[in-house]
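Residue numbers (this note's numbering), protein chains in the order written: chain P, 16 to 337; chain C, 16 to 337; chain D, 16 to 337; chain X, 16 to 337; chain E, 16 to 337; chain Z, 16 to 337.
The beta carbon of each residue, even a glycine, is placed where N, CA and C say it ideally should be.
The structure appears right after this line, and notes come after that.
Protein chains: 6
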Amino acid sequence: MTDPTPAAPWPQPLDTSVTPRFAGLPTFMRLPVMDPADVDVALIGVPFDGGVTNRAGTRHGPRELRNQSSLVRRHHHVTGRSPYDLVRVADCGDCPTHPLDLMESLRLIEAHYAGVAKTGAIPITGGGDHLVTLPILRGLSKGAAVGLIQFDAHSDTYDSFFGQKYNHGTPFRRAIEEGLVDPRRMVQIGLRGSVADPASFDFARAAGVRMIFIEEFVARGVDDVMDEARAILGDGPTYVSFDIDAIDPSQAPGTGTPEIGGLSTREAQALVRRLAGLDVVGADLVEVAPPFDPSGLTAMTGATVMFELLCVVADSLAARGG
Amino acid sequence: MTDPTPAAPWPQPLDTSVTPRFAGLPTFMRLPVMDPADVDVALIGVPFDGGVTNRAGTRHGPRELRNQSSLVRRHHHVTGRSPYDLVRVADCGDCPTHPLDLMESLRLIEAHYAGVAKTGAIPITGGGDHLVTLPILRGLSKGAAVGLIQFDAHSDTYDSFFGQKYNHGTPFRRAIEEGLVDPRRMVQIGLRGSVADPASFDFARAAGVRMIFIEEFVARGVDDVMDEARAILGDGPTYVSFDIDAIDPSQAPGTGTPEIGGLSTREAQALVRRLAGLDVVGADLVEVAPPFDPSGLTAMTGATVMFELLCVVADSLAARGG
Amino acid sequence: MTDPTPAAPWPQPLDTSVTPRFAGLPTFMRLPVMDPADVDVALIGVPFDGGVTNRAGTRHGPRELRNQSSLVRRHHHVTGRSPYDLVRVADCGDCPTHPLDLMESLRLIEAHYAGVAKTGAIPITGGGDHLVTLPILRGLSKGAAVGLIQFDAHSDTYDSFFGQKYNHGTPFRRAIEEGLVDPRRMVQIGLRGSVADPASFDFARAAGVRMIFIEEFVARGVDDVMDEARAILGDGPTYVSFDIDAIDPSQAPGTGTPEIGGLSTREAQALVRRLAGLDVVGADLVEVAPPFDPSGLTAMTGATVMFELLCVVADSLAARGG
Amino acid sequence: MTDPTPAAPWPQPLDTSVTPRFAGLPTFMRLPVMDPADVDVALIGVPFDGGVTNRAGTRHGPRELRNQSSLVRRHHHVTGRSPYDLVRVADCGDCPTHPLDLMESLRLIEAHYAGVAKTGAIPITGGGDHLVTLPILRGLSKGAAVGLIQFDAHSDTYDSFFGQKYNHGTPFRRAIEEGLVDPRRMVQIGLRGSVADPASFDFARAAGVRMIFIEEFVARGVDDVMDEARAILGDGPTYVSFDIDAIDPSQAPGTGTPEIGGLSTREAQALVRRLAGLDVVGADLVEVAPPFDPSGLTAMTGATVMFELLCVVADSLAARGG
Amino acid sequence: MTDPTPAAPWPQPLDTSVTPRFAGLPTFMRLPVMDPADVDVALIGVPFDGGVTNRAGTRHGPRELRNQSSLVRRHHHVTGRSPYDLVRVADCGDCPTHPLDLMESLRLIEAHYAGVAKTGAIPITGGGDHLVTLPILRGLSKGAAVGLIQFDAHSDTYDSFFGQKYNHGTPFRRAIEEGLVDPRRMVQIGLRGSVADPASFDFARAAGVRMIFIEEFVARGVDDVMDEARAILGDGPTYVSFDIDAIDPSQAPGTGTPEIGGLSTREAQALVRRLAGLDVVGADLVEVAPPFDPSGLTAMTGATVMFELLCVVADSLAARGG
Amino acid sequence: MTDPTPAAPWPQPLDTSVTPRFAGLPTFMRLPVMDPADVDVALIGVPFDGGVTNRAGTRHGPRELRNQSSLVRRHHHVTGRSPYDLVRVADCGDCPTHPLDLMESLRLIEAHYAGVAKTGAIPITGGGDHLVTLPILRGLSKGAAVGLIQFDAHSDTYDSFFGQKYNHGTPFRRAIEEGLVDPRRMVQIGLRGSVADPASFDFARAAGVRMIFIEEFVARGVDDVMDEARAILGDGPTYVSFDIDAIDPSQAPGTGTPEIGGLSTREAQALVRRLAGLDVVGADLVEVAPPFDPSGLTAMTGATVMFELLCVVADSLAARGG
Ligand SMILES: [Mn+2]
Ligand SMILES: [Mn+2]
Ligand SMILES: [Mn+2]
Ligand SMILES: [Mn+2]
Ligand SMILES: [Mn+2]
Ligand SMILES: [Mn+2]
Ligand SMILES: [Mn+2]
Ligand SMILES: [Mn+2]
Ligand SMILES: [Mn+2]
Ligand SMILES: [Mn+2]
Ligand SMILES: [Mn+2]
Ligand SMILES: [Mn+2]
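Below is the structure:
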């Protein structure tokens, strides 16, 4: 038996019955490498950790996400569908970054995503630290602010660290200030952990961001929380940003700023699946730091969350385009 | 103080107050090594990974399960009972296997378990990849199909891989085809994860197997699910097969095909305890792959699940024999 | 931006915007080292594993708890308060121990804590194996028995091991016998795991200790269980002892006697927070064994639990002293 | 500054000043993926461990060799030359294998290398267990026996294991029996370690193989030993087979059959460099088992040895072709 | 092919062609478990670390030495001989120890070895920390002082630590004081590392012990040093004590007191082989601490050194008894 | 027994017989924390990895060097002397750095060392990546160029990477260009590994730097090489820079740019000891990257090399000042 014949004429992940999962180059989901211009959904790596203030290592994230994504197969077990039968998906390689120059990296990333945006492909990014979301949003911007749902232990709305405005604790403050994100269409889920300054939440709250701390999430459950989140996000274009540290460090230890008491992967999957039907204009999975992930569990979890995101996007695109 | 005097005159685990748990040979549960003919329940290792299609290593499973089982003590904390006071249990050594010949291994395992079956001892196996369940069922077979409850992330009812009919993704299809298992008395719990081909579930469904995916399990809970499972299994002879990958990879990372969002050990223990009173004719704990388990947590979890299975079997035997 | 100006004039953790968290000496919570006489709450290490009967290593616990505590910031995310704004807290160094002489270590620890008691500072200890709680209670004793709440997989009320009365399986039996703890004001939460002798629970039960096994905890939930616990503990002076093995080994693998099916960190945090307002006279976090914790997750979890305990104590002191 | 302009017009490793070494797909040496027909030297992976009798894992070897080869740069520091300036080199992908069928894998490998041989490209292989050398030799064979130099802790000239003629302890006995290798032009260096049967050496000795045990190597040194080896190998076509276990397990722990007291990497490099000028018709680096190599040191060592082999081959080709 | 038929009628290691090396119980060298009275050489474990002053863990040494000894085969590759063909060897189990009582452990070990001495079997011990050598020497003593050769980074002739006379830094001072060892027939090889008190060497020097520091060893080489050592040891009864920390921490990281710049395994093997023909009355391999040896390399090295010691003893016994 | 009474009245490492090595805060060598103004030799950490182009992590270097330095004792085993008896030494804390701003970090480091220079204390630094040597040299500069001996696998004389002049591949080119180092009094030992551009060596060679590749070192040996090096360095002020990657990755795996075939620790110690008597004005040990050093071996090696450097400096100071 080989894998079933794909329903679509475009490139597919390597057939697991022909090329064992330990063989072949570790591209995202074992997909071919293609140009964004030729796909509907572009899987892109951003190898970067210049925005990290404590434990770095996310520069190695894309490589290990690709490596572990060999464990992911074609069809989603709940829907039974394969995203590769619905839309054209490929590994579109790594975004250029500069390992020694933070500000230059922001420019490189913005330019790269502006190029992707021109193709019309929806990017799903494997980071990289969370600062990368800022230049991605800049690159994707078509002028109007987008909605944003963020899964994260941290609000990332600090003003600055060490007098520096651009780091992985500040991207969403900058994005709001720059008009990239509409804070009234912005939701954060999974917040927790001790903070240097609780006033850091004041900016977000004042701007209109809906912050759902882990305690509220636990009390209400996935469905109630997501009903509210979907109401806030509405039908407009929406970006999805998933910081792997939203998930508990027992299931995602390989990250720079772990906080105990986090989401289970079971909850994370349920949350992502409730994004079905939204107008997702881009998504990312960030903060996987392989040097702190010797077992590969974090990257494996991250790759699976990327697949869940891909399924949501593909289903949604197929529904609209269908 | 020493461990309490056993209530039974037969061999017992080493007394932890005489031989520290770090001392002595690592037999299963620190029990003596005996012949199956002299026990009621036989703990057996099957060091084998010839059926693995991606990440191997379960050939080292029995050794590490034994090693970690030194952490398990005599009495179950819920029942207060010691299985060793109820029935005769021993480590009956490893089943022969052939590291270079899959088909010969199937023959060796079948023959070994046929020998065990003759003694009347109930085998509880520490694997080994999941393919070993097939020759075990063959060896134990008395002609009539048995019921089977399987805890697993995967259905293992594929037809073949790489054109090969015997591997760890196919044992239950073969067992049904061979009349070893009655699919109408078969339940699978914990299924999840992306699949190469969703049609793989069709065979099982068509055959009458009750597949309970993790989403249904979470929605209904242990008791509701097990009420149904027990109704399906009924009073007939039943085999219990526990694939360690049913448990979440944060608690059982050391396995070849991990899938996030799995059972917690707490749920797994509750599930196994609800097997109480069934007519268990054999059980196994498979897919522990020590090379991917540097901390030993997976083997420790596996050894504890084996103890839970042993307690269920011992209680049941005592109740019947009593 | 720097960390906000502390509300209090006394020493504070290093400012994360001036000294990165990877820099500086790893004291508890990055606090200055001070004498207990100059603080309200004293964070103290007890590097000791002389009481361990199986897997040792807790002698290295205090160092790694300090190391990982660099990840903890000033303010609690639920209350928004910083304990350092409410009371004077410092790292008061390590208690002397003798690595080759168990009984001498008991004397050294008792003497050290008697000295701390004289200062009026409330000690929060990072152990060390659980035996250290006994000499701590002796040192802190003012004659009358105190109440005690213990989070633990084990009751630690055995009589002896290998004929030895003082080890990490016996401290609470000794404490009750010595009149240090009032067993009718004593609660144990999270008990589970196979036991060498179920009769070990009889002593505790007969003495009046309320033992809440994990199964009861799961059935009732945090609030119901803690309502009962608070009723038992009442308003009197109460000691809090948190054995890290109360938490599931997937979240706290680095300990000598792990038992699957344990508390989640989410539950543990909720439990500790429900201690708010009690008259806590001392607390400890014990059984972190770094040699079995290569990723540091256990020490990170332990350090965070110490912070949760600190917040409870600081809030309580502030409320009383206010 | 960027990497210097290559002296040759053909594809080159990614420029480290444009694409950081942590970025991009991990091909061998960061080279493009090409067809063997378009290169002079073909770097090929053979993901296979079906021939292993104890600790498997070499199926993951090619992926990790590629991953670690990102650390290798263009120019050899002793010669100053870049092989990529001398000949056309590329990553020619993985050879097909069958994870469940040893004999079918032998056929697949032989066929693949027969195809490579037709192109005239010289293959340098990253294994895979040592059995893969047999079908490689079969595939490359042009009828006449070749010379062979083997770096290995083991002679690999057993007759069989478990009654099986094809496994990683037997390839060179088979190769001699099949007339693929001329035993009088065959040298083994680094032999050591306890043996199941010292008579296993008798076949090799009788056939005329020159076996140089580690003790003789240490007594004589690199130059003396290699002078003799070169005299034995002569000018004829020669295959080079490097088993990573030739190197000491402190420098190459990730292998299935480690033996203490091995070659240092310093010695290994010196030995390989002394192959300069030989008529090398193929080479391999085998037995890297990533599951036993958590730090990646073994794969990094293996990738560097592959680079040393590549430099020897490129220099030799350039000298002849020049 | 199976392993060759042993030349002797007594028990042998498991045949690697019948029982794969990953199968079966991990006894020393896969030998049967027997009573010392029935063998010529008794392999014995002493699971103990009560004498450690810094990093413990050697209580787990015997188990992991046994585990890794599965990699050792029957015949020595230099001599071609199998010790099991020359003398009767078995795994004689673990010596009793008390995990909470150092002085009682000394009594238990002495008594156990006194029992072994009565049988006439020569014990080769796998420790355990180095303090165990003291009670072993006491137990083996027949009144007259023996000669002793010690491979160690440390002299272990301190007077006391923390006021305690019995710990792993003092055994040889005690042994000399007690007349168990004749200091004029005592040699130490491999000494190095910073010391708390250089005067610690004065006792040994004054007593007549020949201390060979690593610098002298490097300058002179194995043969010159061993010529002198053999002259000092002479023909009288001699005990061999091998502290694994004599070997460099890159090759033996899993020990409590590592010192860089140590013996290579190659040198260690050469040194041990030069003991050939001595009248060895006992030997040990101590200080393997598995919690600091995640890869198992140290235990594998230790098991191989035990095999080298066994070969020396067996050859010597055969020569005398022959 | 306690450690011997120091010969000097100033602060000393904690007494190992009073405070076990696992206890107490991990300062460098367990020394007190003091101001550089009060010491002769200042041990300083520079937690920084902003100059790394591939694998980062050296920001965590100082903490782990301190942690592992607890294993180092007071007296050198060859000289018998304790540096703490000769000169005043202390842990002078960490130099300020900016985790997000490379150029600001260079300013901070320069300013800090300028301050140290004013006190007259000789700094021995634990890095940090190798770029830190540049601002250290700037801070220490008194106008005249100093001599420099560098132990390193790499020359670190590239011009730039990614168009950036300041990174860990360029410090010594900058130092020469800026007149901080006299290239005719500069020696590099241990160079090796493939290079992006062999022309990178041309700058150094043209400037007059003596580059000793590993092959030359092996051929000549420690003494011959150091005789030459000392002749080049002469009597003038000399800085010593030790990149841990000079040492072989089997003994120092935890570094960003490992190269096989390196110095053994035995050789490294011998090399450092041959610096005796030089006029050392400062020294550093850089490139320890703890995230790639799970066992701590690299940091332990680094701490020991720092001790060797300290002994050389102390002996030299004592000889001059005596
Ligand atoms: Mn974030
Ligand atoms: Mn976050
Ligand atoms: Mn399965
Ligand atoms: Mn499964
Ligand atoms: Mn406890
Ligand atoms: Mn406990
Ligand atoms: Mn080989
Ligand atoms: Mn080999
Ligand atoms: Mn010793
Ligand atoms: Mn030693
Ligand atoms: Mn450098
Ligand atoms: Mn370097």
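Of all the CB atoms in chain E, is at least one closer than 9 Å to the CB of residue i?
i, result
"C:His145", "no"
Can a CB atom of chain C be found closer than 9 Å to the CB of residue i?
i, result
"X:Met16", "Confidence at X:Met16 is low in this model, with a pLDDT of 47, below 50, so its placement is unreliable and the value that follows should be read with caution. No, because no Cβ of chain C sits closer than 9 Å to the Cβ of X:Met16."
"E:Ala38", "yes"
"D:Ala211", "yes"
"X:Gln181", "A small correction: the amino acid at residue 181 of chain X is Tyr; Gln does not occupy that position in the sequence shown. Closer than 9 Å to some Cβ of chain C, the Cβ of X:Tyr181 qualifies, so yes."
"D:Glu243", "no"
"P:Thr316", "yes"
What are the partner residues of residue i, as DSSP defines its beta bridges?
i, result
"D:Ile164", "D:Val202 and D:Val255"
"Z:Met49", "DSSP output for Z:Met49 lists no bridge partner at all."
How far does the alpha helix (DSSP H) with residue i in it extend, from its first residue to its last?
i, result
"Z:Ala190", "Pro186 to Glu192"
"C:Val233", "Ile229 to Arg235"
"C:Pro77", "Gly76 to Gln83"
Starting from residue i, follow the beta strand (DSSP E) in both directions and report where the run begins and ends.
i, result
"X:Leu58", "Val56 to Val61"
Are the C-beta atoms of residue i and some chain X residue less than 9 Å apart?
i, result
"E:Pro19", "yes"
"C:Arg74", "yes"
Taking only beta-carbon positions, decide if residue i is within less than 9 Å of chain P.
i, result
"C:Ala304", "no"
"Z:Phe187", "no"
Using beta carbons (cut-off 9 Å, strictly below), is residue i in contact with chain Z?
i, result
"P:Glu69", "Note that residue 69 of chain P corresponds to Asn in the displayed sequence, not to Glu. With 9 Å as the cut-off, P:Asn69 counts as an interface residue toward chain Z."
Just the chain F side, please: which residues come within less than 7 Å of residue i by C-beta, in chain order?
i, result
"Z:Glu230", "This model lacks chain F altogether; the protein chains it does include are P, C, D, X, E and Z."
Runs of alpha helix (DSSP H) wholly within the stretch 249-334 of chain E (minimum 4 residues, chain order) | Correct list: 280-288.
Along the chain, which unbroken stretches of the alpha helix (DSSP H) at least 4 residues long are found entirely within the stretch 100-178 of chain P?
-> List check, alpha helix (DSSP H) in window: 117-134 and 148-155.
Do three or more CB pairs link the stretch 79-88 of chain D to the stretch 312-332 of chain D at distances below 8 Å?
-> Using a C-beta cut-off of 8 Å, the stretch 79-88 of chain D makes contact with the stretch 312-332 of chain D, since at least three inter-stretch Cβ pairs fall below that distance.
Stretch-stretch touch, CB-based, cutoff 8 Å, three pairs: the stretch 238-253 of chain P with the stretch 162-170 of chain P | Yes: at least three Cβ pairs fall under 8 Å.
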